[in-house]
Structure formats: structure tokens, C-alpha cells
């Protein structure tokens, strides 16, 4: 029981260090791992070796994938591909349904692009639509944020769910498929909340200078979709290939799908497809754009590795058995990862850190809660994702991005954006629980 109390104290100290003293989560996770190792009875050699092995094993499985994902995101961002996707959604769905169009745009864009960046990229389009349609900018902003946030926490190759998938040894293809199933209604719940707000908020006139859409030449719609969809399809095909019935047989075709559907190869293909987004007239080189993506990947990779080290230490201490003995009779199941992630998210602000930390805590105890099957592991990832969006408020950078780029004051942002994330998180865990009730 001492180890359990120590874990609670360490997590609380991590939250305080991050929220009050702005201590970097990379260092917090490593220090937490070292402390838990000694409290759990490991000697100095075991602590250091477990720390390094956990760090290396985690990055060995997803480090390259995160790097490729951020490169694709950089190309969509710098080429204007994200704006192309937004224009496609508006044209397909219609300007009269602009609120839904922005929700769908956010849903697609945030699969490879961080939600903060995605919102900033699309904010000028939001303002232009608000000016021409007289729809309040707050409404469009909340709807866009809801779409972005849904795939940000549920659908790899976004770093958070990708890291959780690796930490829990879940099947990536299954996480993507189930993640999409959960993310769609979660995104729509935010859209319906935005439509509810539309009836209660008066539109504000925008200055023409900030409402203009850029006239630069944007990439083709097909070129913008391909780097996102092809890797997802290839990864899903690999999972389908390895289904017990072997729909593609066990010969050459199966081997090909297993190779190109490996997340590393699938995302590498996506990177080269993204190269097509760069206009020949752009002054910056491919080297510059790839470097930009890798710079963003660096911090994410290090935090993810530190989370893996923390998880490895927790497993080595045997804390899984302790938690299993004390809480297995409570039948919390999929609710436990949701609650832990929600507490961490609300306390320290970062969804990605919340996901990585919760995954490290859950990894040793999956069997105790009956979640060690392939579906159980995938649903645990999604339960963590639902918790990691509950709720976005003053300590979350995304909250401030949405507030600032839609011109909301703090009170309005709390009543609109924060409530939206609460609705989304509760919708997410409800759907995850329903899927679990059917398949577990």
C-alpha cells in the first residue's frame, strides 16, 4: 500500500510542478520514475537500467512514427493544404452549414497536425466565414475546436494516442478504427453545442483586414487528402490482413500488406506523398520544411520516451499487483483510465502529458481489470483519450489559442470552449463504455 500512496504523492507533485512552477514534463516524468523506483525497492543499478530500457523501448517503437507524422503536419501547414481541406468542406457541405463544415475540417486536419496549430492555420478562414455569413465567430471557433480536439486525443498518428498505443501494446490499426468510431460522435457533440450557442450569441463585425482569406495558390484537394488517408488505409489493411480469418491469405499479398502497413513504412509513404504539396515557387526548400517538422517532433519524442521510462519503472515495482488487489473488486474497468486522465488533464493542462502519464500508470494493471485483450487495450487507449479532453480550461494552451483567435474574453471562453470539452469527454467515455459492453 506504501507504493500506491507514493504514486499518488508523486503524481500530485508532478501536477504542482507543471502548473505552478512550469517545470518541464520531460524532467518531471524522469524524476518521478527515479523516485518511484527507489520507493518500490529497486536498487540504483535496477533503477538506471530500467529507466534507460523503458525510454529506449518506447522510442524504438514510435519515435520514427512521431517524426514522420509531424513532417506531414508541417507540409499541410506550410503549403496551405489545411486551408484546401477547409475550402473543400465548405464547398461540399455548403456555406449555409459552415459550422458543420468547420467541424469536419478540424476533424480531418488534426489527424496529422497538432490541434493548436490547426486552429491557428484555419482561424483566418473562420473569420472570413463569420464576416460573410454573420455567424458568430465564437460559434465557428467552438465547432472547429471540437473537430480538432476529437481526433487529437483519439486517432493516431497524433502523438498522444500513438504513445498510449505503444505503452499499452495495443494494435495500432484497431486503435485507429475504433478511434474514428468514437471520435465522430465526439466531434459532433461539440458541433451541436456550438449550434446551441449560435442562438444565444450576437455576431460581431470584423475588420476587413483580419477577415480576408489569403489569395495565394493552394494545393489541390486530392493532394491534401492523400498524405493523411493513405497511411491510415495502409495501417488498417495490415490489421485486416492479420485478422484470424486471414482475408488476404498467408502468401505474397499478405506479406506485402504487412510490410507497407507497418506504421513506420506507412507514414514514410505519407511523407513522400506530402512532398507533392510543396509548390515549386515556394522559396523554402524541402530540407527547411522537413527540419520544421522534426523540430516539433523532438520535444514530443522526449516526453513520450520519459513516459515510457516512468511506465517501465512502475511495472518493475510490481505496483500493478497492488492496484489490482485493492481496486479490482470495484469493477471500475474502463472508467479508471478515464478518471485518472481527466484528473491529470484538469490539473496540469496538457492532453498529451495526461495521456502518456495515464498510459504508464495503466500498463501494469490491464490484466487485473480484464482489459488485456486486443479490444480491451484499444478501448483503454480511447478511455484515456476521453479523459484527456476533460476539461480544457485556463491551464491549457489550446484553451487560450481558441479564446484569443475568436476574440473571447475568459468568462465567455470558459462558458463555451470549456463546457464543449466537458460534453465531448463525457460523450467519448459513454461511447467507449458502450463498445466495451458489446465486445468485452
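Numbering (the working numbering), first residue to last: 190 to 629. Glycine included, C-beta positions come from ideal geometry on N, C-alpha and C. As the structure is a computational prediction, the values presented were derived from the model and not from experiment.
Asked: Alpha carbon of residue 413 to alpha carbon of residue 590, nearest angstrom; Found: 24 Å
Asked: Where residue 598 falls, given that 16 or more other Cβ within 10 Å makes a residue buried; Found: exposed
Asked: Three or more C-beta pairs below 8 Å linking the region 377-391 and the region 242-256; Found: no
Asked: From 444, 352, 587, 450, residue whose alpha carbon lies closest to that of residue 425; Found: 450
Asked: Status (buried if at least 16 other CB within 10 Å, exposed otherwise) for residue 477; Found: exposed
Asked: Residue range of the alpha helix (DSSP H) that includes residue 461; Found: 452-463
Asked: Residue interval of the alpha helix (DSSP H) (run including residue 278); Found: 270-282
Asked: Segment limits, alpha helix (DSSP H) that includes residue 221; Found: 214-228
Asked: Length of the line joining the Cα atoms of residue 200 and residue 280; Found: 47 Å
Asked: Which listed residue (274, 326, 324, 596) has its alpha carbon closest to that of residue 302; Found: 274
Asked: Cut-off 7 Å between Cβ atoms - residues of its own chain near residue 460, not counting five sequence neighbours on either side; Found: 257, 260, 261
Asked: Contacts around residue 253, its chain only, beta-carbon distance under 6 Å, and the 5 residues preceding and following it disregarded; Found: 453
Asked: Contact belief for residue 376 with residue 335 at Cβ below 8 Å, rounded distance in angstroms; Found: 6 Å
Asked: Beta-carbon contacts of residue 344 that lie in its chain and below 7 Å, excluding the five residues immediately before and after; Found: 300, 350, 365, 368, 369, 372
Asked: DSSP state of residue 247 mapped onto helix, strand, coil; Found: helix
Asked: Pair within 8 Å by beta-carbon distance, residue 536 and residue 222; Found: no
Asked: Counted within 10 angstroms of its Cβ, other Cβ atoms place residue 150 as buried (16 or more) or exposed; Found: The structure shown does not extend to residue 150, since the chain is modelled only from 190 to 629, so the question has no answer here.
Asked: Stretch-stretch touch, CB-based, cutoff 8 Å, three pairs: the region 284-294 with the region 307-322; Found: yes
Asked: Inter-residue spacing [alpha-carbon to alpha-carbon] between residue 437 and residue 446; Found: 9 Å
Asked: Stretch-stretch touch, CB-based, cutoff 8 Å, three pairs: the region 323-333 with the region 414-424; Found: no
Asked: Option nearest residue 547 by Cα separation, candidates 304, 356, 227, 318; Found: 356
Asked: Beta-carbon gap between residue 212 and residue 491 smaller than 8 Å; Found: no
Asked: Among 346, 533, 378, nearest to residue 203 - alpha-carbon criterion; Found: 533
Asked: Beta carbon of residue 621 nearer than 8 Å to that of residue 523; Found: yes
Asked: Integer-rounded CB distance, given that residue 563 should sit under 8 Å from residue 363; Found: 6 Å
Asked: With 16 other Cβ atoms within 10 Å as the buried cut-off, status of residue 448; Found: exposed
Asked: Where the alpha helix (DSSP H) containing residue 354 begins and where it ends; Found: 348-356
Asked: The alpha helix (DSSP H) enclosing residue 551, as first and last residue numbers; Found: 540-551
Asked: Inter-residue spacing [alpha-carbon to alpha-carbon] between residue 615 and residue 576; Found: 8 Å
Asked: Unbroken alpha helix (DSSP H) run spanning residue 368, endpoints; Found: 361-387
Asked: Residue interval of the alpha helix (DSSP H) (run including residue 343); Found: 326-343
Asked: Closest by C-alpha distance to residue 317, when choosing among 305, 287, 307, 339; Found: 287
Asked: Coil, strand or helix - residue 420 by DSSP; Found: helix
Asked: First through last residue of the alpha helix (DSSP H) which encompasses residue 606; Found: Note, residue 606: premise wrong, no alpha helix (DSSP H); not H, not E.
Asked: Buried versus exposed, by CB contacts within 10 Å (16 or more), residue 249; Found: exposed
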